[in-house]
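Visitor:
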Amino acid sequence: MAIYHLHVKVIGRKAGSSAVASAAYRSASRMRDERIDRVQDFSNKRGVVHSEVMLPDNAPEHFGDRERLWNDVEAFEVRKDAQLAREVEFAIPREMTQAQGIELARDFAQAEFVDQGMIADLDVHWDFAEDGSPKPHAHAMLTMRSVDENGFGQKVRDWNRTEMVERWRERWADHVNERLAELDIDARIDHRSLEAQGIGLEPQSQIGAPAQRIEGEGLDVADRAELHREIARNNGERIIADPSMALDAITHQQSTFTRRDMAKFAHRHSDGIEQFNEVMGAMRNSPDLVELGQDGRGEDRFTTRDMIEAEQRLHRAAEVMAERERHDVNEADRQAALERAGQRGLVLSGEQADALAHVTNGRDLGIVVGYAGTGKSAMLGVAREAWEASGYEVRGVALSGIAAENLEAGSGIASRTIDSMEHGWQNGRDMLTSRDVLVIDEAGMVGTRQLERVLSHAAEAGAKVVLV
Numbered sequence: 001m002a003i004y005h006l007h008v009k010v011i012g013r014k015a016g017s018s019a020v021a022s023a024a025y026r027s028a029s030r031m032r033d034e035r036i037d038r039v040q041d042f043s044n045k046r047g048v049v050h051s052e053v054m055l056p057d058n059a060p061e062h063f064g065d066r067e068r069l070w071n072d073v074e075a076f077e078v079r080k081d082a083q084l085a086r087e088v089e090f091a092i093p094r095e096m097t098q099a100q101g102i103e104l105a106r107d108f109a110q111a112e113f114v115d116q117g118m119i120a121d122l123d124v125h126w127d128f129a130e131d132g133s134p135k136p137h138a139h140a141m142l143t144m145r146s147v148d149e150n151g152f153g154q155k156v157r158d159w160n161r162t163e164m165v166e167r168w169r170e171r172w173a174d175h176v177n178e179r180l181a182e183l184d185i186d187a188r189i190d191h192r193s194l195e196a197q198g199i200g201l202e203p204q205s206q207i208g209a210p211a212q213r214i215e216g217e218g219l220d221v222a223d224r225a226e227l228h229r230e231i232a233r234n235n236g237e238r239i240i241a242d243p244s245m246a247l248d249a250i251t252h253q254q255s256t257f258t259r260r261d262m263a264k265f266a267h268r269h270s271d272g273i274e275q276f277n278e279v280m281g282a283m284r285n286s287p288d289l290v291e292l293g294q295d296g297r298g299e300d301r302f303t304t305r306d307m308i309e310a311e312q313r314l315h316r317a318a319e320v321m322a323e324r325e326r327h328d329v330n331e332a333d334r335q336a337a338l339e340r341a342g343q344r345g346l347v348l349s350g351e352q353a354d355a356l357a358h359v360t361n362g363r364d365l366g367i368v369v370g371y372a373g374t375g376k377s378a379m380l381g382v383a384r385e386a387w388e389a390s391g392y393e394v395r396g397v398a399l400s401g402i403a404a405e406n407l408e409a410g411s412g413i414a415s416r417t418i419d420s421m422e423h424g425w426q427n428g429r430d431m432l433t434s435r436d437v438l439v440i441d442e443a444g445m446v447g448t449r450q451l452e453r454v455l456s457h458a459a460e461a462g463a464k465v466v467l468v
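Put into structure tokens, the structure is as follows:
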């Protein structure tokens with residue numbers, strides 16, 4: 001099952017760190033640290049499957065040489081306590097192949113770091129646990145100063161803000177979930193805390209990678225390991241007392257799961273073989289566990305009663321809305337919207353015109369399916385004008401902030417994340433009414449529970465929903 005992990009830290013001299021040594025370790029390479037006249041040789045390290053220095057458009061080409069880049073950083077920073085680089089470490093879903101994981105890591109680094117002006121030294125590691133399961137992750141070492149054709153400039157303070165870290169955490173979840181959906185992989189990750197997700201387990205940190213140990217930062221290895229074991233032991237006790245919280249946590253990431261998935265979860269949330277067996281036993285004997293039969297690979301698959309009930313409620317809400325016809329659009333308003341689009345140079349194709357007719361008919365539930373780049377947003381922009389001319393208020397939502405921004409930019413529909421919309425509902429704000437049209441972009445990425453809540457609320461309010 002996919003696990004969310006993204007950690008940001010600063011590599012600096014105050015902690016005794018070297019940018020050259022750090023880069024050499026992460027890339028499994030041999031580099032000379034000119035500042036201290038020492039060779040940093042980690043070329044025997046295994047597991048590095050991809051390594052590259054990614055440059056923004058205005059950076060000198062010679063910064064593409066890892067050894068020169070980090071030696072130049074070391075030379076530029078003269079303070080004894082200088083901050084040399086920022087590192088972002090993030091876990092890649094183990095459900096992906098190496099090629100898929102590398103592509104995902106590159107796309108994330110390009111969009112969130114390089115396109116913002118940073119140089120990103122990206123290394124993808126494909127390590128394996130003792131049981132042979134993959135532990136893919138990536139390290140991005142980032143420069144902290146502005147850069148142009150003449151070299152480094154001033155430190156960019158905005159890159160050091162807490163809001164930027166929060167943005168990266170959310171964006172990584174967005175990138176991962178969008179890619180998982182594109183690959184038709186039944187898994188998702190959530191950047192929010194367990195508490196915010198409604199999961200009653202204590203967060204568990206990593207024990208600590210060798211890359212952190214060589215830099216001597218934070219707790220020592222024994223202390224981190226003991227803290228990890230204590231939290232795992234406490235979580236194991238919680239699960240034994242109430243196994244439904246473990247099953248609920250698993251189905252927050254995937255709607256169905258295998259015995260192997262349960263074993264991985266139990267291993268992470270227990271201390272020792274005895275407690276592991278107790279946790280597994282509690283999960284297997286839980287009345288909330290539902291066996292579905294074997295999948296295409298011959299593995300037994302399971303889900304939970306809560307998930308099945310949520311799917312049944314979702315189905316009922318969709319049926320009710322599909323049978324209602326309460327949101328008619330005047331033909332004159334539809335034609336006027338088409339004419340205005342034509343005046344802007346937008347002429348809908350046959351498929352777009354069919355989709356427009358479908359979403360602007362009177363039914364309370366509409367569904368549009370199409371590949372990226374086929375003009376769905378442009379069609380929705382015309383639909384928005386027709387809906388608004390007929391007196392409806394049009395809102396847009398999506399699972400990720402990126403998707404919501406793209407929906408608004410492409411269609412003119414004011415959009416936000418589904419989490420933001422639900423938060424407003426919980427506080428009695430922005431409730432749907434019978435005069436609302438709600439467009440849910442990338443609806444296939446939305447979890448069953450969340451989509452059920454939204455459709456059930458819309459059905460009760462008498463609103464129209466369009467799933468895209």
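Take 1 as the starting number for the sequence shown in full-length UniProt numbering and just add one per residue. Ideal Cβ placement from N, Cα and C applies to all residues, glycine included.
(1) State the CB to CB distance for the pair I418 and V397, rounded to an integer number of angstroms; the pair is presumed to be in contact (CB under 8 Å).
(2) I'd like the list of long-range same chain contacts for E311, defined as Cβ closer than 7 Å, with 5 residues on each side in sequence excluded.
(3) The alpha helix (DSSP H) with F76 in it runs from where to where?
(4) Excluding five sequence neighbours on each side, which residues of the same chain lie with their C-beta closer than 7 Å to the C-beta of A459?
(5) Cβ atoms of N285 and P243: under 9 Å apart, would you say?
(6) Starting from R30, follow its DSSP beta bridges and name the residues at the other end.
(7) When the Cα atoms are used, what is the spatial distance from G12 to R86?
(8) Bridge partners of F152, per DSSP?
(9) On the premise that R179 lies in contact with L122, defined as a C-beta separation below 8 Å, what is that separation, rounded to the nearest angstrom?
(10) Could you tell me which residues DSSP pairs with I11 in its beta bridges?
(11) What are the boundary residues of the beta strand (DSSP E) that G396 is part of?
(12) Give the secondary structure of S17 by DSSP, where H, G and I count as helix, E and B as strand, and everything else as coil.
(13) Would M283 and L289 qualify as a contact pair, given that the criterion is a beta-carbon distance under 9 Å?
(14) Expressed to the nearest angstrom, what Euclidean distance is found between the alpha-carbon atoms of D33 and A23?
(15) Return the chain-ordered list of same chain residues with a C-beta closer than 7 Å to the C-beta of E299, the five sequence neighbours on each side being excluded.
(16) Would you report the Cα separation of E74 and G350, rounded to the nearest angstrom?
(17) Identify whether D123 lies in helix, strand or coil by the three-state DSSP scheme.
(18) Check for me: the alpha helix (DSSP H) holding T448 runs from which residue to which?
(19) For E408, which residues in the same chain have their Cβ closer than 7 Å to its Cβ, ignoring the five residues on either side in sequence?
(20) So, for R326: in the same chain, excluding its five sequence neighbours on each side, which residues have a beta-carbon less than 8 Å away from its beta-carbon?
(21) Would you say V466 and V446 are within 9 Å of each other, going by their C-beta atoms?
(22) Decide if the region 399-407 is in contact with the region 340-358; the criterion is three or more beta carbon pairs, one per stretch, under 8 Å apart.
(23) D72 and G153: beta carbons closer than 9 Å?
(24) Checking the sheet assignment: what are the DSSP bridge partners for L183?
(25) When you compare each of G101, A232 and I240 to H267 by their alpha carbons, which one comes out closest?
(26) Within a Cβ cutoff of 7 Å, which residues of the same chain sit near Q197, ignoring the five residues on either side of it in sequence?
(27) From A386, D131 and N406, pick the residue whose C-alpha is nearest to that of S372; which is it?
(28) Nearest to L6 by alpha carbon, out of M164, R66, Y25 and V20?
(29) Would you check if the distance between the CB atom of A337 and the CB atom of A383 is smaller than 9 Å?
(30) What ranges does the beta strand (DSSP E) occupy inside the region 296-363, keeping only unbroken runs of at least 3 residues that lie completely in it?
(31) Quick one: grab the DSSP three-state call for G366.
Guide: This is what the structure holds:
(1) For the purposes of this step, residue 418 is taken as residue 418 along the sequence shown, with counting starting at 1. For the purposes of this step, residue 397 is taken as residue 397 along the sequence shown, with counting starting at 1. Their Cβ separation, rounded to whole angstroms, is 5 Å, which keeps I418 and V397 in contact under 8 Å.
(2) Looking up residue 311 in the sequence shown gives position 311. For E311, where only same-chain residues beyond five positions count, the Cβ hits under 7 Å are T448.
(3) Translated into positions along the sequence shown, residue 76 becomes position 76. Start and end: R66 to F76.
(4) As a first step, residue 459 must be located in the sequence shown, where it is residue number 459. Non-local C-beta neighbours of A459 in its own chain, meaning closer than 7 Å and more than five positions away in sequence, comprise A317, V320 and M321, ordered along the chain.
(5) Working through the sequence shown from its first residue, we reach residue 243 at position 243. Working through the sequence shown from its first residue, we reach residue 285 at position 285. For the 9 Å CB-CB criterion, P243 and N285 form a contact.
(6) The residue you call residue 30 lines up with position 30 of the sequence shown. For R30, which the question treats as bridged, DSSP gives the partners D41.
(7) For the purposes of this step, residue 12 is taken as the residue at position 12 of the sequence shown. For the purposes of this step, residue 86 is taken as the residue at position 86 of the sequence shown. Near 9 Å, if we compare the C-alpha coordinates of R86 and G12.
(8) Residue 152 sits at position 152 when you count from the first residue of the sequence shown. DSSP output for F152 lists V147 as bridge partner(s).
(9) What you label residue 122 is simply residue 122 of the sequence shown in a count that begins at 1. What you label residue 179 is simply residue 179 of the sequence shown in a count that begins at 1. Actually they do not touch by this definition, with Cβ atoms about 16 Å apart.
(10) Taking the sequence shown and counting its residues from 1, one reaches residue 11 at position 11. Paired residue(s): A85.
(11) To locate residue 396, count along the sequence shown from 1; it is residue 396. Judged by DSSP secondary structure, G396 falls within the beta strand (DSSP E) whose first and last residues are E393 to A398.
(12) In the sequence shown, counting from the first residue as 1, residue 17 sits at position 17. S17 carries a coil assignment under DSSP once its states are collapsed to helix, strand and coil.
(13) Taking the sequence shown and counting its residues from 1, one reaches residue 283 at position 283. Taking the sequence shown and counting its residues from 1, one reaches residue 289 at position 289. A contact, by the Cβ cut-off of 9 Å.
(14) Taking the sequence shown and counting its residues from 1, the one referred to as residue 33 is at position 33. Taking the sequence shown and counting its residues from 1, the one referred to as residue 23 is at position 23. C-alpha of D33 to C-alpha of A23: approximately 11 Å in a straight line.
(15) Mapped onto the sequence shown, residue 299 falls at position 299. Taken in chain order, the residues that qualify are T258.
(16) Position 74 of the sequence shown, counting from 1, holds the residue named residue 74. Position 350 of the sequence shown, counting from 1, holds the residue named residue 350. Annotation: E74 to G350 spans about 60 Å, alpha carbon to alpha carbon.
(17) For the purposes of this step, residue 123 is taken as residue 123 along the sequence shown, with counting starting at 1. Looking at D123 - three-state DSSP - the assignment turns out to be strand.
(18) Here residue 448 refers to the residue found at position 448 of the sequence shown. In the DSSP assignment, T448 falls within the alpha helix (DSSP H) that extends over T448 to A461.
(19) Start at 1 with the first residue of the sequence shown, and residue 408 comes out as number 408. Sequence-distant Cβ neighbours of E408 in its own chain, meaning closer than 7 Å and more than five residues away, are G396, A414 and S415.
(20) Translated into the one-based positions of the sequence shown, residue 326 becomes position 326. Here the set comprises G362, D364, S434, G462 and K464.
(21) The residue you call residue 466 lines up with position 466 of the sequence shown. The residue you call residue 446 lines up with position 446 of the sequence shown. No, they are not a contact pair.
(22) Contact fails: fewer than three Cβ-Cβ distances are below 8 Å.
(23) Working through the sequence shown from its first residue, we reach residue 72 at position 72. Working through the sequence shown from its first residue, we reach residue 153 at position 153. G153 sits away from D72, with the two beta carbons spaced by 9 Å or more.
(24) Counted from its first residue, the sequence shown places residue 183 at position 183. Partner(s): none; L183 has no beta bridge.
(25) Locating residue 267 in the sequence shown gives position 267, counting from the first residue. Comparing Cα positions, the closest option is A232.
(26) Stepping through the sequence shown from its first residue, residue 197 is reached at position 197. Excluding sequence neighbours, Q197 sits near D190 and H252.
(27) Position 372 of the sequence shown, counting from 1, holds the residue named residue 372. The identity of residue 372 in the sequence shown is Ala, whereas the question assumes Ser. Nearest C-alpha to A372: N406.
(28) Here residue 6 corresponds to residue number 6 of the sequence shown, with the count starting at 1. L6 has its Cα closest to that of M164, out of M164, R66, Y25 and V20.
(29) The sequence position of residue 337 within the sequence shown is 337, counting from 1. The sequence position of residue 383 within the sequence shown is 383, counting from 1. Contact check for A337 against A383 passes: the beta carbons are separated by less than 9 Å.
(30) Correct list: 300-304.
(31) Translated into the one-based positions of the sequence shown, residue 366 becomes position 366. Residue state, collapsed to three classes: strand.
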